[in-house]
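Position 82, counted from 1, in the sequence shown is what the working numbering calls 90; the numbers after and before it change by one each time, with no gaps.
Think of the CB as a built atom: it goes at the ideal place given N, C-alpha and C, for glycine as much as any other residue.
Quick caveat, the model's predicted, so the values are computed rather than measured.
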Amino acid sequence: MNKPGSLREHFLRLIPELKHNPDRLMIFIDNGTLRSTVAHGLSFEYSYTLNIILTDYAGHPDAVAIPLFAWVQVNQRELMENLVRGKEAIGFEADVLDNSKVDLSIKLPLTERVVVKTLEDGSLSVDHPAEPVVDLDPFTLRSLELYLKGELLATWGGI
């Protein structure tokens, strides 16, 4: 599975609080299933809920949500395009620790395709193809600053 590592790297690069405290980001895979894609051969799909936990998070939730949606748009686009599925697809909970910090848990449903082909010599070739590319340019964050009521919440050097 490649998406958990990809999202972890993305968050560590873009969420200001995590740049200095990467141990505050924990990622778990819950409710995983494997299913055959009925393609010829042994190809299959992983389906699971990624549980992302930020501990002692003192930043604004927008500084997490914006990088999350930028990543989802490229890596699990149907969560944003399918209005029925996307309405409740990304869940979150927050345990308020005090007036300035929370433990934030985000639950993100993900799938990953695995294409398995038998080569002429009988060995297996395994490929994890990227998500289908949509004609629309993906949203990118280029040297942006996020403000709320005049207060700087986060800055990005680019996604």
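How would you write the range of the beta strand (DSSP E) that residue i sits in, first residue to last?
| i | result |
| --- | --- |
| N59 | 52–65 |
| S133 | 132–135 |
Within 10 Å of its beta-carbon, does residue i have 16 or more other beta-carbons around it, so buried, or fewer, so exposed?
| i | result |
| --- | --- |
| P182 | Any answer about residue 182 is impossible in this case: the structure gives the chain only from 9 up to 167. |
| Y65 | buried |
| A102 | exposed |
| E25 | buried |
| P75 | buried |
| V80 | buried |
| A73 | exposed |
| N83 | buried |
| L91 | exposed |
| F77 | exposed |
| L15 | buried |
| S105 | Going by the sequence as given, residue 105 is Leu instead of Ser. L105 should be labelled exposed. |
| L22 | buried |
Of all the options the options, which has the alpha carbon lying nearest to the alpha carbon of residue i?
| i | options | result |
| --- | --- | --- |
| R32 | D129, E159, T63 | T63 |
| T41 | I35, A47, T57 | T57 |
| I37 | S55, L20, R43 | S55 |
| E159 | A71, L116, E89 | A71 |
| V123 | S133, E153, H68 | S133 |
| R43 | G67, P140, E120 | E120 |
| A162 | L87, H48, G67 | G67 |
| K109 | M88, P69, F100, A97 | P69 |
| I114 | D106, E53, E96, E89 | E96 |
| N39 | V46, F52, L116 | L116 |
| R85 | S51, L20, P140 | P140 |
Can you give me the start and stop residues for the alpha helix (DSSP H) that residue i sits inside?
| i | result |
| --- | --- |
| A47 | Looking at the DSSP string, A47 is not in any alpha helix (DSSP H), and its letter there is neither H nor E. |
| E153 | From DSSP, E153 is part of no alpha helix (DSSP H) but of the beta strand (DSSP E) over 153–156. |
| P12 | 11–22 |
| D70 | 70–83 |
| L87 | 86–89 |
So residue i packs on residue j, CB below 8 Å; how close in whole Å?
| i | j | result |
| --- | --- | --- |
| L118 | K11 | 5 Å |
| L87 | F100 | Not confirmed; about 14 Å, so no contact. |
Under a three-way DSSP split, which group does residue i fall into?
| i | result |
| --- | --- |
| I114 | strand |
| D103 | strand |
| L26 | helix |
| V122 | strand |
| D129 | coil |
Check the Cβ-Cβ distances between residue i and every residue of chain D, and say whether any is below 8 Å.
| i | result |
| --- | --- |
| N29 | The structure shown contains no chain D, having only a single protein chain. |
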